[in-house]
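K.L.:
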Amino acid sequence: MIYDHPRWEEKHMIKLIEELGHEVLHVPLRSSTLELSNLKKIADVAIQRAISSVRAITSTAFFEASGTPVVNNLNTQIICDNKVLTDLVLEKHGIPRPKTFVAYSMEEAMKIPEKLGFPLVIKPIQGSWGRLQALVSDEEALRGILEYREAMPSPQFKVHYMQEYIKKPQRDIRVFVVGDRVPVAIYRISQNWRTNTALGGRAEKAELNAELEEIALKAAKAVGGGVLGVDVVEDPERGYLVIEVNSNVDFKNTYRVTGHDLGKDIVEYAIEIAKR
Amino acid sequence: MKVKCPVCGAEIELPEDVMDGEIIECESCGAQLEVKKSGDKIELKVAEEAAEDWGE
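Residue numbers (my numbering), protein chains in the order written: chain A, 51 to 326; chain B, 147 to 202.
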């Protein structure tokens with residue numbers, strides 16, 4: 051079990067693993083050192099739970115290189131941690147998604163409303179929990195936000211990822227995929243256009259249907275499979291659209307509101323991978 | 147298990163299953179603290195800032 055800032059989910063899964071009679075090797079990244087020059091397999095499978103993407107990706111690469119399969123695999127993590135990479139594999143697999151543009155300068159970004167109109171959404175290409183995402187309603191607001199982004203130290207903010215705003219019914223749907231199954235989904239309901247529960251959105255059990263399951267499974271497969279959180283919105287005309295796929299899922303709220311223990315699914319899936 | 151908050155000195159009660167790297171909030175001063183645990187030795191230090199690459 052690889053982590054940097056362990057939370058309820060990590061403690062819960064560790065208990066489940068031990069209850070199943072398996073030994074848990076803790077890898078607390080904040081007090082660990084990885085020797086890249088002397089690789090040897092030290093576990094049958096690893097569950098990646100670090101919330102920092104750069105720590106997760108580098109430690110996943112380390113374990114895979116030393117012969118330990120990781121949930122999720124390196125390819126899935128790299129794709130899911132970058133919205134542009136995610137969108138491109140979704141697009142190539144014909145999965146319906148919102149119209150999205152990327153521009154690399156303020157001048158170019160200011161032209162995008164000609165194609166997208168207002169309001170539009172501008173997001174960092176990395177990170178989640180709705181952090182630093184903005185709903186932009188007019189040209190002056192866009193200019194202001196672009197100036198702030200261009201002034202940010204990190205180069206990723208000079209990649210202007212702009213997306214059409216979906217008039218969704220004040221909720222989105224987080225569909226969980228584990229391997230080739232869709233065990234549970236939740237609605238995330240909020241007055242705020244950003245429905246993340248991390249921002250106060252309320253979670254509620256969602257009804258699954260064949261179409262929703264199929265679109266979630268297709269999206270999960272497109273990014274490389276594993277344990278994934280597929281974020282879907284309901285567009286009035288086009289129906290289900292996939293917004294994003296997340297590779298390190300929080301599931302405490304889901305357990306609380308649905309009673310479904312996703313931690314158990316993840317642990318069983320990891321044990322299955324260990325036996326392959 | 148009681149440990150001192152490095153910011154305000156208040157005593158913090160840590161859960162039995164506390165883990166290395168875990169983030170704990172000091173109830174008296176609100177500081178975000180990171181657990182440094184090796185063997186039975188536990189100390190708290192001010193947690194690192196949330197970074198832009200943190201998330202699901």
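Backbone N, C-alpha and C define an ideal beta-carbon position, used for all residues, glycine too.
1. Name the two residues that bound the continuous alpha helix (DSSP H) containing F113 (chain A).
2. Take P56 (chain A) and list the residues in its own chain whose beta-carbon comes closer than 8 Å to its own, dropping the five residues that flank it on each side.
3. Looking at the structure shown, is N296 (chain A) part of a helix, part of a strand, or coil, going by DSSP?
4. Under 7 Å, do L278 (chain A) and V295 (chain A) count as touching if we go by C-beta distance?
5. Starting from the Cα of E197 (chain A), find the closest Cα among A:I172, A:P233 and A:R221 and give me that residue.
6. At a CB distance below 8 Å, what residues from the stretch 165–179 of chain B approach chain A? Give them in sequence order.
7. CB-CB under 8 Å to F121 (chain A), same chain, minus the five flanking residues each way: which ones, in chain order?
8. Can you pull the chain B neighbours of Y53 (chain A), defined as C-beta to C-beta under 8 Å?
9. For N298 (chain A), go through chain B and note every residue whose CB falls closer than 9 Å to its CB, in chain order.
10. Going along the chain, which residues of the stretch 163–182 of chain A sit with their C-beta nearer than 8 Å to a C-beta in chain B?
11. Could you check what DSSP says for T247 (chain A) in three-state terms: helix, strand or coil?
12. Just the C-alpha distance for I306 (chain A) and D300 (chain A), rounded to the nearest angstrom, thanks.
13. Considering only the alpha carbon of each residue, which of B:C175, B:E173 and B:E168 lies closest to H76 (chain A)?
14. DSSP puts W200 (chain B) in a beta bridge; with which residues?
15. Among A:K161, A:E73, A:V134 and A:I67, whose alpha-carbon lies nearest the alpha-carbon of Q206 (chain A)?
16. For a test of the three-state rule: what should DSSP assign to Y305 (chain A), helix, strand or coil?
17. Please state whether the Cβ-Cβ distance between P148 (chain A) and L291 (chain A) is less than 7 Å.
18. When DSSP builds the beta bridges, which residues end up paired with P286 (chain A)?
19. Going by DSSP in three states, F226 (chain A) sits in which element: helix, strand or coil?
20. Within 10 Å of its beta-carbon, does C111 (chain B) have 16 or more other beta-carbons around it, so buried, or fewer, so exposed?
P.N.:
Taking the coordinates as given:
1. As a first step, residue 113 (chain A) must be located in the first sequence, where it is residue number 63. That run of the alpha helix (DSSP H) goes S103 to A115.
2. On the first sequence, position 6 is the one that residue 56 (chain A) refers to. Within its own chain, the residues whose Cβ lies closer than 8 Å to the Cβ of P56 (chain A), once the five positions on either side in sequence are excluded, are P78 and R99, listed in chain order.
3. Here residue 296 (chain A) corresponds to residue number 246 of the first sequence, with the count starting at 1. N296 (chain A): strand per DSSP, three-state reduction.
4. By 1-based counting over the first sequence, the position of residue 278 (chain A) is 228. By 1-based counting over the first sequence, the position of residue 295 (chain A) is 245. Judged by beta-carbon spacing, V295 (chain A) lies within the 7 Å limit of L278 (chain A), meaning their Cβ atoms are closer than that value.
5. The residue you call residue 197 (chain A) lines up with position 147 of the first sequence. Checked all of A:I172, A:P233 and A:R221; the closest Cα to E197 (chain A) is A:I172.
6. Listed by position, the residues of the stretch 165–179 of chain B near chain A (Cβ gap below 8 Å) are M165, D166, G167, E168 and I169.
7. In the first sequence, residue 121 (chain A) corresponds to position 71, counting from 1. Note on residue identity: the sequence assigns Val, not Phe, to residue 121 (chain A). Excluding its 5 nearest sequence neighbours in each direction, V121 (chain A) has C-beta neighbours in its own chain below 8 Å: V95, A96, I97, Q98, G276, V277, I316, Y319, A320 and I323, listed in chain order.
8. Along the first sequence, read from residue 1 onward, the residue named residue 53 (chain A) stands at position 3. Annotation: Cβ neighbours of Y53 (chain A) in chain B (cutoff 8 Å, chain order): M165 and G167.
9. In the first sequence, the residue the question calls residue 298 (chain A) occupies position 248. Here the neighbours are G201 and E202.
10. When C-beta distances to chain B are compared with 8 Å, the residues of the stretch 163–182 of chain A below that value are P174, Q176, G177, S178, W179, R181 and L182, in chain order.
11. Taking the first residue of the first sequence as 1, we reach residue 247 (chain A) at position 197. Three-state result, T247 (chain A): helix.
12. Locating residue 306 (chain A) in the first sequence gives position 256, where the first residue counts as 1. Locating residue 300 (chain A) in the first sequence gives position 250, where the first residue counts as 1. Checking the sequence, you will find Arg at residue 306 (chain A) rather than Ile. Taking the straight line joining both Cα atoms gives about 12 Å.
13. As a first step, residue 76 (chain A) must be located in the first sequence, where it is residue number 26. It is B:E168 whose Cα lies nearest to the Cα of H76 (chain A).
14. Position 54 of the second sequence holds residue 200 (chain B). For W200 (chain B), which the question treats as bridged, DSSP gives the partners A:S102.
15. Here residue 206 (chain A) corresponds to residue number 156 of the first sequence, with the count starting at 1. Looking at the Cα atoms, A:V134 is the closest of the given residues.
16. Residue numbering aside, residue 305 (chain A) sits at position 255 when the first sequence is read from its first letter. In the three-state DSSP reduction, Y305 (chain A) falls in the helix class (H, G or I).
17. Indexing the first sequence from 1 puts residue 148 (chain A) at position 98. Indexing the first sequence from 1 puts residue 291 (chain A) at position 241. In this structure, L291 (chain A) lies closer than 7 Å to P148 (chain A) by Cβ.
18. For the purposes of this step, residue 286 (chain A) is taken as the residue at position 236 of the first sequence. In DSSP, P286 (chain A) forms no bridge with anything.
19. By 1-based counting over the first sequence, the position of residue 226 (chain A) is 176. In the structure shown, F226 (chain A) sits in a strand (DSSP, three-state: E or B).
20. Since the first residue of chain B shown is 147 and the last is 202, residue 111 (chain B) is not available in this structure.
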